[in-house]
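Heads up: the sequence lines are chains G and Z, in that order. Mapping of the first sequence onto our numbering: residues 5 to 254, in sequence order. Mapping of the second sequence onto our numbering: residues 5 to 254, in sequence order. Don't be surprised by glycine CBs; every beta carbon is placed ideally from N, CA and C.
Protein chains: 2
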Amino acid sequence: MYRYKLTIEYDGTPFFGWQRQKNLPTIQQFIEEAVQPLTKDLVTIQGAGRTDTGVHALGQVAHFDTDKHLKPFRIQECINAHLANQSISILNVEEVPLTFNARFNAIERRYIYKIINRRAKLSLDNNRAWKITKNIDINLMNSAAQLLKGKHDFSTFRAAGCQSLSPIKTLNNITIERVDDLILIKLFAKSFLYHQVRNIVGSLIKVGTGEWSIDYFHNIFKMCDRKLGAMTAPSHGLYFWNVIYDPKEL
Amino acid sequence: MYRYKLTIEYDGTPFFGWQRQKNLPTIQQFIEEAVQPLTKDLVTIQGAGRTDTGVHALGQVAHFDTDKHLKPFRIQECINAHLANQSISILNVEEVPLTFNARFNAIERRYIYKIINRRAKLSLDNNRAWKITKNIDINLMNSAAQLLKGKHDFSTFRAAGCQSLSPIKTLNNITIERVDDLILIKLFAKSFLYHQVRNIVGSLIKVGTGEWSIDYFHNIFKMCDRKLGAMTAPSHGLYFWNVIYDPKEL
Numbered sequence: 005m006y007r008y009k010l011t012i013e014y015d016g017t018p019f020f021g022w023q024r025q026k027n028l029p030t031i032q033q034f035i036e037e038a039v040q041p042l043t044k045d046l047v048t049i050q051g052a053g054r055t056d057t058g059v060h061a062l063g064q065v066a067h068f069d070t071d072k073h074l075k076p077f078r079i080q081e082c083i084n085a086h087l088a089n090q091s092i093s094i095l096n097v098e099e100v101p102l103t104f105n106a107r108f109n110a111i112e113r114r115y116i117y118k119i120i121n122r123r124a125k126l127s128l129d130n131n132r133a134w135k136i137t138k139n140i141d142i143n144l145m146n147s148a149a150q151l152l153k154g155k156h157d158f159s160t161f162r163a164a165g166c167q168s169l170s171p172i173k174t175l176n177n178i179t180i181e182r183v184d185d186l187i188l189i190k191l192f193a194k195s196f197l198y199h200q201v202r203n204i205v206g207s208l209i210k211v212g213t214g215e216w217s218i219d220y221f222h223n224i225f226k227m228c229d230r231k232l233g234a235m236t237a238p239s240h241g242l243y244f245w246n247v248i249y250d251p252k253e254l
Numbered sequence: 005m006y007r008y009k010l011t012i013e014y015d016g017t018p019f020f021g022w023q024r025q026k027n028l029p030t031i032q033q034f035i036e037e038a039v040q041p042l043t044k045d046l047v048t049i050q051g052a053g054r055t056d057t058g059v060h061a062l063g064q065v066a067h068f069d070t071d072k073h074l075k076p077f078r079i080q081e082c083i084n085a086h087l088a089n090q091s092i093s094i095l096n097v098e099e100v101p102l103t104f105n106a107r108f109n110a111i112e113r114r115y116i117y118k119i120i121n122r123r124a125k126l127s128l129d130n131n132r133a134w135k136i137t138k139n140i141d142i143n144l145m146n147s148a149a150q151l152l153k154g155k156h157d158f159s160t161f162r163a164a165g166c167q168s169l170s171p172i173k174t175l176n177n178i179t180i181e182r183v184d185d186l187i188l189i190k191l192f193a194k195s196f197l198y199h200q201v202r203n204i205v206g207s208l209i210k211v212g213t214g215e216w217s218i219d220y221f222h223n224i225f226k227m228c229d230r231k232l233g234a235m236t237a238p239s240h241g242l243y244f245w246n247v248i249y250d251p252k253e254l
């Protein structure tokens with residue numbers, strides 16, 4: 005048995021998310037079908053994270069097993085050729101030890117949330133960013149974001165249906181940058197609760213627009229009640245950026 | 005009579021360029037039709053530059069005249085509402101003196117050419133960048149680009165059908181930056197010959213991939229013969245970035 009690690013970019017707009025679903029086009033399904041001409045058997049691709057409908061990826065990671073010993077370059081070329089008309093690209097393929105697991109060995113996942121702060125509708129960034137008309141002060145957002153760093157109960161930002169055993173997570177870092185009307189929010193953690201990134205962004209924006217004070221944000225965070233959090237930020241502003249693994253494990 | 009200046013963003017992919025054509029969708033035509041509910045008469049929009057099929061704009065500038073005195077904000081909202089389903093956005097509208105001319109008063113036009121240097125096909129940047137597989141050394145490109153700065157005969161980079169009276173142009177500046185596999189080439193001039201930017205990029209890439217020496221590039225530039233230049237870089241990597249006007253004229 006051989007194991008291969010894939011690094012994957014996609015525009016999530018046309019897909020019903022990462023995870024295979026009956027009768028709906030998903031990214032996992034397209035990649036599984038695209039690799040079949042090489043593996044002959046239908047393989048299962050295990051992703052590092054299950055992105056929702058409309059969420060994009062710059063560096064999703066996945067792995068699959070096959071009893072065929074294949075050249076990584078051939079796998080990459082085969083999948084990309086089969087997905088020529090799909091907005092999915094395999095950026096890299098490596099053979100990895102059977103101990104490597106894209107999901108369970110990840111030591112850090114990184115997400116970017118993209119906001120365009122202007123009144124005019126988006127042309128080039130349509131479906132690629134959240135357009136917010138109200139003036140946003142990122143200094144206020146940054147002050148609020150500092151409160152989230154470290155190990156906390158993130159129930160306020162946890163969606164119903166989250167399968168995590170615990171709402172306790174450690175946010176390694178969060179940064180907010182602005183260049184003209186482009187705002188990028190970057191989040192770093194070993195793992196996230198369901199919708200945690202988009203729920204954090206939704207509430208931080210309330211602070212940035214002045215609707216919420218930093219104290220109010222701090223209070224609703226400590227209350228650990230999702231009903232107190234703001235709306236979930238839209239999926240199309242979210243990018244699964246990349247995944248870090250222990251170099252010893254690859 | 006009143007004159008209004010528009011600043012316009014577009015994804016050029018679905019259009020047959022800027023300029024109005026019979027029976028083909030163009031950006032000029034869509035904007036002219038979108039402003040009609042306010043002006044009542046069909047106005048003519050004069051753009052600072054005529055972009056080709058597939059070329060994008062971050063800040064195209066145009067003006068039009070009307071005998072209705074309108075609030076700039078209302079013009080912006082009206083056009084954007086009518087173009088809700090088109091990848092065209094009006095970023096700004098200003099009332100300007102009748103001496104202002106978007107095309108003839110420009111003192112500098114700025115273009116960005118976007119390249120992704122990797123093997124895998126593009127997902128998020130499909131139709132938004134030129135994908136080049138061969139390794140590119142931007143230091144070599146930068147050395148060649150220095151030769152283009154200033155006032156020269158640019159016939160080597162001038163397309164057939166160019167309507168400019170002279171092939172002599174002044175390139176104010178050209179810069180080349182790289183971040184990971186993204187390469188941005190920025191060009192600054194009062195005006196450009198037809199396809200000049202894309203022809204310069206096509207030939208600079210020959211230098212960056214090592215196919216041409218800097219001396220060879222210098223020679224073909226001095227020979228002033230388009231047949232010696234490399235292929236025209238594809239339109240979908242080109243962005244009309246912005247236009248500078250003399251503050252006294254605006």
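So the candidates are Z:Ile83, Z:Pro41, Z:Asp71, Z:Gly58; which of them puts its Cα closest to the Cα of Lys19 of chain Z? On the second sequence, residue 19 of chain Z is found 15 positions in, with the first residue counted as 1. The sequence shown places Phe at residue 19 of chain Z, not Lys. Ranking the options by Cα distance to Phe19 of chain Z, first place goes to Z:Gly58.
Going along the chain, which unbroken runs of the beta strand (DSSP E) with 3 or more residues stay wholly within the stretch 103-178 of chain G? Restricting attention to beta strand (DSSP E) runs no shorter than 3 residues, the stretch 103-178 of chain G encloses them at 110-121, 134-136, 154-157, ordered along the chain.
With 7 Å as the C-beta to C-beta threshold (strictly closer), list the residues of the stretch 38-70 of chain Z near chain G in chain order. Cβ proximity to chain G below 7 Å picks out His60 from the stretch 38-70 of chain Z.
Looking at chain Z, is there any beta carbon in it that lies within less than 8 Å of the beta carbon of Lys75 of chain G? Translated into positions along the first sequence, residue 75 of chain G becomes position 71. No, Lys75 of chain G does not count as interfacial toward chain Z.
Starting from Thr11 of chain G, trace the beta strand (DSSP E) in both directions and tell me its first and last residue. Within the first sequence, the letter at position 7 stands for residue 11 of chain G. Element bounds for Thr11 of chain G: 6-14.
Using a Cβ cut-off of 7 Å, pull out every chain Z residue sitting near Ile94 of chain G, in sequence order please. Position 90 of the first sequence holds residue 94 of chain G. Per Cβ cutoff of 7 Å: Ala124.
Taking a cut of 8 Å between CB atoms, which residues from the stretch 7-25 of chain G lie near chain Z? Answer set for the stretch 7-25 of chain G: Glu13, Tyr14, Asp15.
Rounded C-alpha distance that separates Asp69 of chain Z from Phe225 of chain G: The residue given as residue 69 of chain Z occupies position 65 in the second sequence. The residue given as residue 225 of chain G occupies position 221 in the first sequence. Between Asp69 of chain Z and Phe225 of chain G, the C-alpha separation is close to 54 Å.
Could you please tell me which residues of the stretch 182-205 of chain G, in chain order, have their CB closer than 7 Å to any CB of chain Z? Close to chain Z, meaning a Cβ-Cβ distance shorter than 7 Å, is no residue of the stretch 182-205 of chain G at all.
Quick check: what's the CA-CA separation for Ala85 of chain Z versus Cys166 of chain G? One-based indexing of the second sequence puts residue 85 of chain Z at position 81. One-based indexing of the first sequence puts residue 166 of chain G at position 162. Ala85 of chain Z and Cys166 of chain G: Cα-Cα distance of roughly 38 Å.
Of all the CB atoms in chain Z, is at least one closer than 8 Å to the CB of Leu208 of chain G? Here residue 208 of chain G corresponds to residue number 204 of the first sequence, with the count starting at 1. No, no contact with chain Z.
Taking only the alpha-carbon atoms, compute the straight-line gap between His199 of chain Z and Arg162 of chain Z and give it to the nearest angstrom. Position 195 of the second sequence holds residue 199 of chain Z. Position 158 of the second sequence holds residue 162 of chain Z. So the two alpha carbons sit approximately 6 Å from each other.
Given this structure, state the Cα-to-Cα distance separating Pro41 of chain G from Lys72 of chain G, to the nearest angstrom. Sequence index remark: in the first sequence, residue 41 of chain G carries index 37 (1-based). Sequence index remark: in the first sequence, residue 72 of chain G carries index 68 (1-based). When rounded, the distance between both Cα atoms is 12 Å.
Find the nearest neighbour of Ile79 of chain G within the set G:Ala88, G:Ser91, G:Asn96, G:Val65, judged by alpha-carbon distance. In the first sequence, the residue the question calls residue 79 of chain G occupies position 75. Relative to Ile79 of chain G, the option among G:Ala88, G:Ser91, G:Asn96, G:Val65 whose CA is nearest is G:Asn96.
Is the Cβ of Leu242 of chain Z closer than 8 Å to any Cβ of chain G? In the second sequence, counting from the first residue as 1, residue 242 of chain Z sits at position 238. Judged by the 8 Å Cβ criterion, Leu242 of chain Z is not in contact with chain G.
Judging by CA-CA distance, which residue of G:Gly16, G:Gly21, G:Tyr249 is the nearest neighbour of Ala2 of chain G? The question about residue 2 of chain G has no answer, for chain G in this structure spans 5 to 254.
Opposite Arg182 of chain G in the DSSP bridges: which residues? Taking the first sequence and counting its residues from 1, one reaches residue 182 of chain G at position 178. In DSSP, Arg182 of chain G forms a bridge with G:Ile187.
Contact between the stretch 233-249 of chain G and the stretch 203-210 of chain G (3+ Cβ pairs under 8 Å): Yes, since at least three Cβ pairs between the stretch 233-249 of chain G and the stretch 203-210 of chain G fall closer than 8 Å, the two stretches touch.
Beta-carbon contacts of Val47 of chain Z that lie in its chain and below 8 Å, excluding the five residues immediately before and after: Stepping through the second sequence from its first residue, residue 47 of chain Z is reached at position 43. Cβ within range, chain order: Glu36, Val39, Gln40, Phe68, Asp69, Thr70.
8 Å Cβ cut-off: residues of chain Z touching Asn89 of chain G: Along the first sequence, read from residue 1 onward, the residue named residue 89 of chain G stands at position 85. Those within 8 Å of Asn89 of chain G in chain Z number zero; the least Cβ separation is about 10 Å.
Since Phe249 of chain G is in the beta strand (DSSP E), which residue starts that stretch and which ends it? As a first step, residue 249 of chain G is located in the first sequence; it is residue number 245 there, counting from the start. It should be pointed out that residue 249 of chain G corresponds to Tyr in this sequence rather than to Phe. Its beta strand (DSSP E) spans residues 242-249.
Applying the criterion that 16 or more other CB atoms from any shown protein chain within 10 Å of the CB defines a buried residue, is Ile111 of chain Z buried or exposed? Your numbering for residue 111 of chain Z matches position 107 in the second sequence. It counts as exposed.
Spatially closest choice to Glu13 of chain Z from Z:Gln64, Z:Gln25, Z:Lys75, by CA coordinates: Along the second sequence, one-based indexing puts residue 13 of chain Z at 9. Closest by alpha carbon: Z:Gln64.
Counting contacts by CB-CB distance shorter than 8 Å, is Asn139 of chain Z in contact with chain G? Taking the first residue of the second sequence as 1, we reach residue 139 of chain Z at position 135. At a cut-off of 8 Å between beta-carbon atoms, Asn139 of chain Z makes no contact with chain G.
Output, in chain order, the set of chain G residues within a Cβ distance shorter than 9 Å of Asn84 of chain Z. As a position in the second sequence, residue 84 of chain Z is number 80, starting the count at 1. Correct list: Arg123, Ala124, Lys125.
Between the Cα of Ala66 of chain Z and the Cα atoms of Z:Lys231, Z:Asn177, Z:Val100, which residue gives the shortest distance? As a working note, residue 66 of chain Z is residue 62 in the second sequence. Of the candidates Z:Lys231, Z:Asn177, Z:Val100, the one whose C-alpha sits nearest the C-alpha of Ala66 of chain Z is Z:Val100.
Excluding the 5 residues preceding and the 5 following Asn89 of chain G in the sequence, name in chain order all residues of the same chain whose CB lies nearer than 6 Å to its CB. The count along the first sequence starts at 1 and reaches residue 89 of chain G at position 85. Exclusion of the five residues before and after Asn89 of chain G leaves no residue of its chain whose Cβ lies closer than 6 Å to its Cβ.
Whose Cβ in chain Z lies nearer than 8 Å to the Cβ of Leu128 of chain G? Translated into positions along the first sequence, residue 128 of chain G becomes position 124. The contacting residues are Glu13, Tyr14, Asp15, His60, Leu62, Ser91, Arg132.
Would you say Ile248 of chain G lies against chain B (beta-carbon separation less than 8 Å)? Of the protein chains in the structure, G and Z, none is chain B.
Any heavy atom of the ligand PLP inside 7 Å of the beta-carbon of Ile172 of chain G? In the structure shown, the ligand PLP is absent, as is every other ligand, since no ligand is present at all.
Neighbour-count burial assignment, Gln25 of chain G, 16 or more Cβ in a 10 Å radius: On the first sequence, position 21 is the one that residue 25 of chain G refers to. With a 10 Å radius around the Cβ and a threshold of 16 neighbouring Cβ atoms, Gln25 of chain G comes out exposed.
Return yes when the Cβ of Trp22 of chain G is within less than 8 Å of the Cβ of Ile116 of chain G, no when it is not. Position 112 of the first sequence holds residue 116 of chain G. Position 18 of the first sequence holds residue 22 of chain G. Remark: C-beta atoms of Ile116 of chain G and Trp22 of chain G do not approach each other more closely than 8 Å.
Kindly indicate which three-state DSSP category Ile49 of chain G falls into: helix, strand or coil? Locating residue 49 of chain G in the first sequence gives position 45, where the first residue counts as 1. It is coil, neither helix nor strand.
Going straight from the alpha carbon of Leu62 of chain G to that of Tyr243 of chain G, what length do you get? Numbered from 1 along the first sequence, position 58 holds the residue referred to as residue 62 of chain G. Numbered from 1 along the first sequence, position 239 holds the residue referred to as residue 243 of chain G. In a straight line, the C-alpha of Leu62 of chain G is about 7 Å away from that of Tyr243 of chain G.
In this structure, does DSSP put Asn223 of chain G in helix, strand or coil? Start at 1 with the first residue of the first sequence, and residue 223 of chain G comes out as number 219. Judged by DSSP in its simplified three-state form, Asn223 of chain G adopts helix.
Beta-carbon proximity list for Asn268 of chain Z, same chain, < 7 Å, skipping 5 on both sides: Since the displayed chain Z opens at 5 and closes at 254, residue 268 of chain Z lies outside it and no answer follows.
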